[in-house]
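K.L.:
Mind having a look at this structure? Questions to follow.
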Amino acid sequence: MVWGYIFIGAGTKNPKIIMDNNDFTINTKQGTRTRWRCTQYFKTKCKATLVTYGRVVNVKSCHNHLPTNPNVNENYLIQSVTINRTPSLIYVVAGKKNPKIILEDNDFILNNKYGNKTTWRCRCYGKTGCKSRLTTSGKTVKIIADHNHDPTYPDTSAAVPQTLRIVKSYLTS
Ligand SMILES: [Zn+2]
Ligand SMILES: [Zn+2]
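Under the UniProt record's numbering, the residues of the sequence shown are numbered 1 to 173, in order.
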């Protein structure tokens, strides 16, 4: 659970939320809960949704496209909120020797570095031939392929949680 902020475009016919450089429109309203859908839903079948209630935002699924960078104009109000991200919390274990990334109960070992891009390979690659990989560049993570095994539940005690932007996900759950 982290603090963050969103932009709310109220007072118009179609209220919008801008978060992480993507925009969302209302999908359904149920009591105090509002479900928002990514505006790219019809274009790229993006499954990213937000559920808001009070000052809490639950983030579900990842965008399957690059940020749309919508324009934040004077019609938007900034609001600080509590953000629950599922399942995109990433842990980074830094260090020269064995840096790794823990994402969704699996860990990824540094594979290759070129330019500002780093590729990471699932720890089970040698064992199960798992093809799941990550590419990181700056604050963006790209997920390539699903795991072919049960989660390994690595130890996150030495890891630092980070909020990185996950741009592509092949997760089926
Ligand atoms: Zn999206
Ligand atoms: Zn794997």
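Beta carbons: idealized from backbone N, C-alpha and C, even for Gly. Remember, predicted model here, so these are calculated numbers, not experimental data.
Would you check whether ligand 1 has a heavy atom nearer than 7 Å to the C-beta of Ala48?
P.N.:
Taking the sequence shown and counting its residues from 1, one reaches residue 48 at position 48. Correct: Ala48 has its Cβ closer than 7 Å to ligand 1.
K.L.:
Please tell me whether Asp105 and Thr152 are closer than 8 Å, where the distance is taken between their beta carbons.
P.N.:
Start at 1 with the first residue of the sequence shown, and residue 105 comes out as number 105. Start at 1 with the first residue of the sequence shown, and residue 152 comes out as number 152. Taking 8 Å as the Cβ cut-off, Asp105 and Thr152 qualify as a contacting pair.
K.L.:
Let me know the secondary structure DSSP gives Thr44 once reduced to three states.
P.N.:
As a position in the sequence shown, residue 44 is number 44, starting the count at 1. Here Thr44 sits in helix by DSSP.
K.L.:
When we look at the beta-carbon of Asn22 and count the other beta-carbons within 10 Å, is it buried (16 or more) or exposed?
P.N.:
Working through the sequence shown from its first residue, we reach residue 22 at position 22. By the neighbour-count rule (16 or more Cβ atoms within 10 Å), Asn22 is buried.
K.L.:
Could you give the distance in angstroms between the alpha-carbon of Thr49 and the alpha-carbon of Asn112?
P.N.:
Here residue 49 refers to the residue found at position 49 when the sequence shown is read from its first residue. Here residue 112 refers to the residue found at position 112 when the sequence shown is read from its first residue. Spanning the two alpha carbons is a distance of roughly 33 Å.
K.L.:
Taking just the CA atoms, how far does Phe24 sit from Lys45?
P.N.:
As a working note, residue 45 is residue 45 in the sequence shown. As a working note, residue 24 is residue 24 in the sequence shown. So the alpha carbons of these two residues sit roughly 13 Å apart.
K.L.:
Given a threshold of 16 other Cβ atoms within 10 Å of its Cβ, counted over all protein chains shown, does Ser173 qualify as buried or as exposed?
P.N.:
Your numbering for residue 173 matches position 173 in the sequence shown. Residue placement at Ser173 is flagged as unreliable, the pLDDT there being 34, under the threshold of 50; a coordinate-derived value is accordingly withheld.
K.L.:
List, from N- to C-terminal side, the beta strand (DSSP E) runs of 3 residues or more that fit wholly inside the UniProt domain "FLYWCH-type" (13-65).
P.N.:
You should have 16-19, 22-30, 33-38, 49-53, 56-60.
K.L.:
Along the alpha helix (DSSP H) that carries Gly126, what are the first and last residues, could you check?
P.N.:
Walking along the sequence shown from the start, residue 126 turns up at place 126. From DSSP, the alpha helix (DSSP H) with Gly126 extends over 125-128.
K.L.:
What separation, rounded to the nearest whole angstrom, lies between the Cα atoms of Val59 and Ile83?
P.N.:
Working through the sequence shown from its first residue, we reach residue 59 at position 59. Working through the sequence shown from its first residue, we reach residue 83 at position 83. Rounded to the nearest angstrom, the two C-alpha atoms are 7 Å apart.
K.L.:
Excluding sequence positions up to five away, which residues of its chain have a Cβ less than 7 Å from the Cβ of Ala158?
P.N.:
Here residue 158 corresponds to residue number 158 of the sequence shown, with the count starting at 1. The residues are Val93.
K.L.:
My output table needs one value for Pro67: the three-state DSSP class, helix, strand or coil.
P.N.:
The residue you call residue 67 lines up with position 67 of the sequence shown. Pro67 falls in the coil class under three-state DSSP.
K.L.:
Could you check the C-alpha separation between Leu171 and Ala145 for me, to the nearest Å?
P.N.:
As a working note, residue 171 is residue 171 in the sequence shown. As a working note, residue 145 is residue 145 in the sequence shown. For Leu171, the predicted structure reports a pLDDT of 41, less than 50, and the residue's modelled location is therefore unreliable. A value from the coordinates is still provided. Answer to the nearest angstrom: the Cα atoms are 8 Å apart.
K.L.:
At 3 residues or longer, and completely inside the stretch 68-114: list those beta strand (DSSP E) runs for me, N to C.
P.N.:
Entirely contained in the stretch 68-114, the beta strand (DSSP E) runs reaching 3 residues are, in chain order, 76-86, 90-93, 100-103, 106-114.
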